[in-house]
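Structure record follows, encoded as C-alpha cells.
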Amino acid sequence: MVAAVVLAMSAQAADVVKVTLQNALPTVREGEMVELSLAQVQKRLDGATDVVVTDADGREVPSQVTWDGKLIFQAYVGAKAKSVYMVKAGKPQQYEPRVFGRQFPERVDDMAWENDRVAFRCYGPALQRSGERAWGYDIWNKRTDALVVEARYAGELDPEVASVCRKLRKMNQGDLADDLYNAVSYHVDHGNGMDCYKVGPTLGAGTAALLANGAQDIVYPKCYKEFEVLDRGPLRFTVKLVYDQATADGQTYVETRVLSLDAGSQLNRVAVSYDGLTAAMPLAVGIVVHNENPTAFVFNEQTGYMGYEDLGDPAQYQPKYREKQNKDFGKIYVGAVYTQKPALEYRAGEGLPGACGHILGITDYAPASEFVYYFGSGWSRNPQTSFQSLSDWEAYLSQFAQQLKSPLKVTLR
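Its first residue numbered 12, the sequence shown is counted upward by one per residue in the numbering used here.
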C-alpha cells in the first residue's frame, strides 16, 4: 500500500466529491490503495453517514472504512497520467473479502492473516508458554487468489485424522499414518500452496528488533502477548500486537506493532513503537538467511530495500515424501522496504538452527516515535505473479519503494 496525499478540497457542500489521482512516475499504478479522510469526505457530502466510490463512468468500486477513519479503495492510474473517481452518499455493496485473519487458539494462539496473493503468521502466548522458540514472521505460500488460511488450519488440526494417525502408529503402521497426515497437512501443496518456510528463534521474514550492546546483539522480541483485530476487510486486514515487557541496554519497554495487509499487495505495512524507552536505540529489520542459499540476497540502501531468495525447509518431511508430494518447494522471495534510508548489512549468526545469519536494515529509533516499514514475500510457484528469479523480486521491491517516495497526488473537488 502507498498512502495518497490529499492536496486540496473545497469547503462547499456537494452531491459528489470528485477525486483526481495523478501519477508522476513512468510506470502504471494498478490496484494501488488510495486513502481519503472519511471525515473530510462526509463533511463535503453534507454529513452523509455511508458513502459509495465509483469510477469516472459511474461503476461502483469496492471500498472500506478503516479503524483509523480512512476511506480506502483501489485505483488504476496510467504512467504519468491522471484518473478520476467519485464519492457520493449511498449504501455500498457487500463486497467479497480479499483479506482475512484471526487468532487461532486451537493452534497455540497463532495469529494468521492473508490476502489474495500471500499469507503470514506470527506466534502467540500459548506457544511462548510451551517453550518452543519461534519468534519471527512466518510465510505461508499461496498459488490461488482464494482465502485459504481457515481451511488449512482445519485440515492440519482435524481431530479425526489425528485420532486415526495415532491408532495406525500404535499398530506399527507409521507409513500409513504419514500418508494420511500428508493428505491434509498444510506442509504439503494440495493445489493452493503450502507452509515450507522455516522461522525458529530468528527474525524470520522481516521482524523488527532493537539492537543492544553497541548494536552488536539482536534483542529478539519473542511471541506476542495480546492482540486486537482492527480491520477485517474487505480490502484491508489490520491487527495490533502487544508484546511482553522487555529490557535492552538497561531500558525497560513494551513493544507494540500495528500490521496491515491490503488486497493485491505482496507486502505488509508495519508501525512499531516501544513504550518506555527514554534514549534512542538502533533498530533492525531482519530476514533470516538459511544455509541452503547463504548468498542469495540483495541490498539497495539508496532506494531502501533488501531481498532474499529462500529455498524452503529441507527437513520438513522425510526425503521419500519429497518425491511423492513436492519434489521442491519452489523459491520463496522475502523482502523489506523502508520509509527512511537504512544501513544494510549481512550479519552472521552463531547457534541459529539451519541458518547462517540475517540480512539487516538498521536505523535509529527515537523514543515516543513510530517506526514504519514494509515486509512480505512472493513465491515462484504462484501463477498470478511473475517472480521466477531474485531479479524479478528485486524489481518489485524497487518499484514499491519508488511508489512510496512518489505517492499519488490526490485532489478533491
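By construction, the Cβ of each residue, glycine as well, lies at the ideal position given by its N, Cα and C atoms.
| said: I need the DSSP call for E433, collapsed to helix, strand or coil. | reply: Residue 433 lies beyond the range of the chain shown here (12 to 424); nothing can be said about it.
| said: Pairs of beta-carbons, one from the segment 255-264 and one from the segment 186-204, closer than 8 Å: are there three or more? | reply: no
| said: Could you check whether N34 and A100 sit closer than 7 Å to each other, using their CB atoms as the reference points? | reply: Here residue 100 refers to the residue found at position 89 of the sequence shown. Here residue 34 refers to the residue found at position 23 of the sequence shown. No. Outside cutoff.
| query | Shortest alpha-carbon distance to V160 belongs to which of K335, F111 and C207? | reply | One-based indexing of the sequence shown puts residue 160 at position 149. Residue F111 is the option with its Cα nearest to V160.
| said: Could you tell me the alpha carbon to alpha carbon distance between G362 and F84, rounded to whole angstroms? | reply: Counting from 1 along the sequence shown, the entry for residue 362 is found at position 351. Counting from 1 along the sequence shown, the entry for residue 84 is found at position 73. Going from the Cα of G362 to the Cα of F84 covers about 45 Å.
| query | Smallest Cα separation from S284: which of L241, V269 and L278? | reply | Residue numbering aside, residue 284 sits at position 273 when the sequence shown is read from its first letter. Taking only the C-alpha atoms, the option nearest S284 is V269.
| What are the start and end residues of the beta strand (DSSP E) that includes D68? | Position 57 of the sequence shown, counted from the first residue, corresponds to residue 68. Neither: D68 is in no beta strand (DSSP E) and is coded neither H nor E.
| message | Quick check on N126: buried or exposed, where buried means 16 or more other Cβ atoms within 10 Å of its Cβ? | response | For the purposes of this step, residue 126 is taken as the residue at position 115 of the sequence shown. Per the 10 Å Cβ criterion, buried.
| message | With the cut-off set at 7 Å, would you say L221 and G147 are in Cβ contact? | response | For the purposes of this step, residue 221 is taken as the residue at position 210 of the sequence shown. For the purposes of this step, residue 147 is taken as the residue at position 136 of the sequence shown. Going by C-beta atoms, L221 is not nearer than 7 Å to G147.
| said: Taking its Cβ as the centre, do 16 or more other Cβ atoms sit within 10 Å of P293, making it buried, or is it exposed? | reply: Locating residue 293 in the sequence shown gives position 282, counting from the first residue. It is buried - the Cβ of P293 has at least 16 other Cβ atoms within 10 Å.
| task | For E334, name the three-state secondary structure that DSSP assigns. | result | Locating residue 334 in the sequence shown gives position 323, counting from the first residue. In this structure, E334 counts as helix in the three-state DSSP scheme.
| query | Taking S74 as the reference, which of V88, G58 and Q105 has the closest Cα? | reply | To locate residue 74, count along the sequence shown from 1; it is residue 63. Checking every option, the nearest Cα to that of S74 belongs to Q105.
| request: Would you grab the beta carbon distance between L64 and Y96 for me? Rounded to a whole angstrom, and I think it's under 8 Å. | output: Locating residue 64 in the sequence shown gives position 53, where the first residue counts as 1. Locating residue 96 in the sequence shown gives position 85, where the first residue counts as 1. Going by the sequence as given, residue 64 is Val instead of Leu. With a Cβ gap of about 6 Å, V64 and Y96 count as contacting.
| said: Let's test the definition: count the other Cβ atoms within 10 Å of the Cβ of N279 and tell me whether it reaches 16, buried, or not, exposed. | reply: Along the sequence shown, read from residue 1 onward, the residue named residue 279 stands at position 268. Buried, by the Cβ-count rule.
| On the premise that T38 lies in contact with Q410, defined as a C-beta separation below 8 Å, what is that separation, rounded to the nearest angstrom? | On the sequence shown, residue 410 is found 399 positions in, with the first residue counted as 1. On the sequence shown, residue 38 is found 27 positions in, with the first residue counted as 1. Contact holds; Cβ gap of about 6 Å.
| said: I'd like the span of the beta strand (DSSP E) that includes E405, first residue to last. | reply: Position 394 of the sequence shown, counted from the start, is the residue given in the question as residue 405. Looking at the DSSP string, E405 is not in any beta strand (DSSP E); the run it does join, the alpha helix (DSSP H), is L401 to K416.
| Which residue comes first and which comes last in the alpha helix (DSSP H) that contains S141? | Walking along the sequence shown from the start, residue 141 turns up at place 130. Note, S141: alpha helix (DSSP H), P136 to S141.
| request: Out of V45, A25, L36 and V27, point me to the one whose CA is closest to A274's CA. | output: The residue labelled residue 274 in the question sits at position 263 within the sequence shown. Closest option to A274, Cα to Cα, is V45.
| request: Could you please give me the residues that DSSP links to L191 through a beta bridge? | output: In the sequence shown, residue 191 corresponds to position 180, counting from 1. Answer is none; L191 lacks a bridge partner.
| query | Are the segment 306-325 and the segment 340-350 touching, with three or more C-beta to C-beta distances below 8 Å? | reply | Because the criterion of three Cβ pairs below 8 Å is met, the segment 306-325 and the segment 340-350 touch.
| said: Between L158, G387, A379 and R70, which has its C-alpha nearest T289's C-alpha? | reply: What you label residue 289 is simply residue 278 of the sequence shown in a count that begins at 1. Looking at the Cα atoms, A379 is the closest of the given residues.
| said: Just verifying my parser: in three-state terms, what is the DSSP assignment at K236? | reply: Position 225 of the sequence shown, counting from 1, holds the residue named residue 236. It is a strand residue.
| Any 3 or more C-beta pairs closer than 8 Å across the segment 293-306 and the segment 203-214 | yes
| request: Write down every uninterrupted run of the beta strand (DSSP E) in the segment 321-384 whose length is 3 residues or greater and which is fully enclosed by it, in chain order. | output: Complete beta strand (DSSP E) runs here, min 3: 343-349, 354-359 and 366-376.
| Start-end ranges of the beta strand (DSSP E) lying completely within the segment 231-280, minimum 3 residues | 235-243, 247-254, 257-259 and 262-273
| query | When DSSP builds the beta bridges, which residues end up paired with Y148? | reply | Taking the sequence shown and counting its residues from 1, one reaches residue 148 at position 137. For Y148, which the question treats as bridged, DSSP gives the partners G215.
| message | Please report the distance separating the alpha-carbon of M128 from that of Q395. | response | Here residue 128 corresponds to residue number 117 of the sequence shown, with the count starting at 1. Here residue 395 corresponds to residue number 384 of the sequence shown, with the count starting at 1. Met is not the amino acid found at residue 128; the sequence shown has Arg there. When rounded, the distance between both Cα atoms is 8 Å.
| said: Would you call the segment 224-234 in contact with the segment 195-206, where contact means no fewer than 3 C-beta pairs closer than 8 Å? | reply: Output reads no: the segment 195-206 does not touch the segment 224-234.
| query | What are the start and end residues of the beta strand (DSSP E) that includes V88? | reply | The sequence position of residue 88 within the sequence shown is 77, counting from 1. K81 to V88 is the extent of the beta strand (DSSP E) around V88.
| query | Is it the case that the Cβ atoms of V52 and V28 are separated by a distance below 7 Å? | reply | Position 41 of the sequence shown, counting from 1, holds the residue named residue 52. Position 17 of the sequence shown, counting from 1, holds the residue named residue 28. Taking 7 Å as the Cβ cut-off, V52 and V28 qualify as a contacting pair.
| message | Contact defined as beta carbons within less than 8 Å: I believe A359 pairs with G368. What is the distance between those atoms, to the nearest angstrom? | response | Locating residue 359 in the sequence shown gives position 348, where the first residue counts as 1. Locating residue 368 in the sequence shown gives position 357, where the first residue counts as 1. About 4 Å; that satisfies the 8 Å criterion.
| task | Could you check the C-alpha separation between E334 and D206 for me, to the nearest Å? | result | What you label residue 334 is simply residue 323 of the sequence shown in a count that begins at 1. What you label residue 206 is simply residue 195 of the sequence shown in a count that begins at 1. Their backbone Cα atoms lie some 17 Å apart in a straight line.
| query | For L419, does the three-state DSSP call read helix, strand or coil? | reply | Taking the sequence shown and counting its residues from 1, one reaches residue 419 at position 408. Coil, per DSSP.
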